[in-house]
């Protein structure tokens, strides 16, 4: 069972993703509400996958992604973005994100992205 870290500054979004992922049989091992927490929890928990919001206080998702990838080059990170953030999504993919999912979350799309990214070796 894959272990997933959910990063989003909105508790409602973290709850939504947790419900979708646990219902699909994944284990949510932690939640972070900003980029600093995300980096710390990643280093502590070493999850199989991270869902990372782009816009967050303290350290945004792009900065956290770069910091995690610098130390853990094989980290599997899916960016979560709202409409109108396409430019940042492209930057995130270039920085090493494996996929992105749009908000509001569609259950099928979330599961499909997670399965695809976890199947990458």
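Numbering (full-length UniProt numbering), first residue to last: 1 to 121.
Where is the CB? At the ideal position from N, CA and C, for every residue including glycine.
Coil, strand or helix - residue i by DSSP
| i | result |
| --- | --- |
| residue 99 | strand |
| residue 201 | Outside the modelled stretch of the chain, which goes from 1 to 121, sits residue 201, for which no answer is possible. |
| residue 38 | helix |
| residue 45 | helix |
| residue 83 | coil |
Bridge partners - residue i, DSSP secondary structure assignment
| i | result |
| --- | --- |
| residue 31 | 6 |
| residue 51 | 6, 78 |
Through-space distance from residue j to residue i, alpha-carbon basis
| i | j | result |
| --- | --- | --- |
| residue 45 | residue 55 | 23 Å |
| residue 79 | residue 31 | 15 Å |
| residue 33 | residue 108 | 24 Å |
| residue 122 | residue 81 | Here the chain comprises residues numbered 1 to 121, so residue 122 is not present and cannot be evaluated. |
| residue 105 | residue 67 | 26 Å |
| residue 97 | residue 47 | 15 Å |
| residue 58 | residue 43 | 18 Å |
| residue 111 | residue 24 | 7 Å |
| residue 103 | residue 85 | 11 Å |
| residue 10 | residue 36 | 15 Å |
Bounding residues of the beta strand (DSSP E) (the contiguous stretch that carries residue i)
| i | result |
| --- | --- |
| residue 1 | Note, residue 1: premise wrong, no beta strand (DSSP E); not H, not E. |
Endpoints, alpha helix (DSSP H) assigned at residue i
| i | result |
| --- | --- |
| residue 119 | 107-119 |
| residue 23 | 11-23 |
| residue 86 | 86-94 |
Any chain B beta carbon closer than 8 Å to residue i
| i | result |
| --- | --- |
| residue 81 | In the structure shown, chain B does not exist; there is a single protein chain. |
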